[in-house]
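Notes follow the structure.
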Amino acid sequence: MKKKIGISIGIFVIILIVVGIITNYSDSSRITTRHEPKYCIKVVSNDGSKVTYWGLGYKVIRYIGVSPNEPYENSIGIKMGSWFMKYELPKADIIEIEYEGQTVTVNDIKDIGIIENILLNSKYNGEICNGINTHKIILNNDVYYIKESCKEIQKGNKQAKITDEDLNTIKGIIDNKINDEQNNIKSNR
């Protein structure tokens, strides 16, 4: 009898682990494509500024701008990890980016969160390419260089790969900021 109970518990635990792996894989792919996780329990904080999605062995934390009912794509910060992961909004108030001889100051919390997420979540190792620094980004007194020719981010004497999508995201933020500044100058004339 004890052997049957042990086997039943073992099979149940194995099924939970397999289901947890499958739902984690599915929800992580949904999050990377900016869609709401599907196999989670949704919990909204008391003030309505943070939504936590609890899955089997993982959780997704989402900071929202206006209301928990706004579209998932409008989140100002999203992070996925284990149940024990802690995630807070970016601590930087501004990010300075030097690009093509101009210094752009990014102060929008959503844009800061996107750039900070790209820079801080990259895996840095010791191999630095010999490419030309095209962007200099100052974040929390740390200096990062982006080398477009190598598709790398350099921090100190270490580098990490950057995807075309992340590079285009950073360039889009810079272009929007430059366009906003130029429109403000034209409207003040």
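Just so we're aligned, residue 33 is where the sequence shown starts under this note's numbering, counting upward by one. We put the CB at the ideal spot given by N, CA and C, even for glycine.
- In its chain, beyond the 5 residues on either side, GLU128, ILE129 have a beta carbon closer than 8 Å to the beta carbon of THR135.
- Around the beta carbon of TYR57, fewer than 16 other beta carbons sit within 10 angstroms, so the residue counts as exposed.
- TYR176 is a Cβ neighbour of LEU151, given a cutoff of 8 Å.
- Rounded to whole angstroms, the gap between the alpha carbons of LYS168 and LYS70 is 38 Å.
- The segment 38-45 makes no contact with the segment 69-89: fewer than 3 CB pairs, one atom from each, lie closer than 8 Å.
- For CYS72, the closest C-alpha among the options ILE47, SER114, ASN78 is that of SER114.
- For GLY42, the uninterrupted alpha helix (DSSP H) segment begins and ends at 34-64.
- In the DSSP assignment, the residues bridged to HIS167 are TYR131, ILE178.
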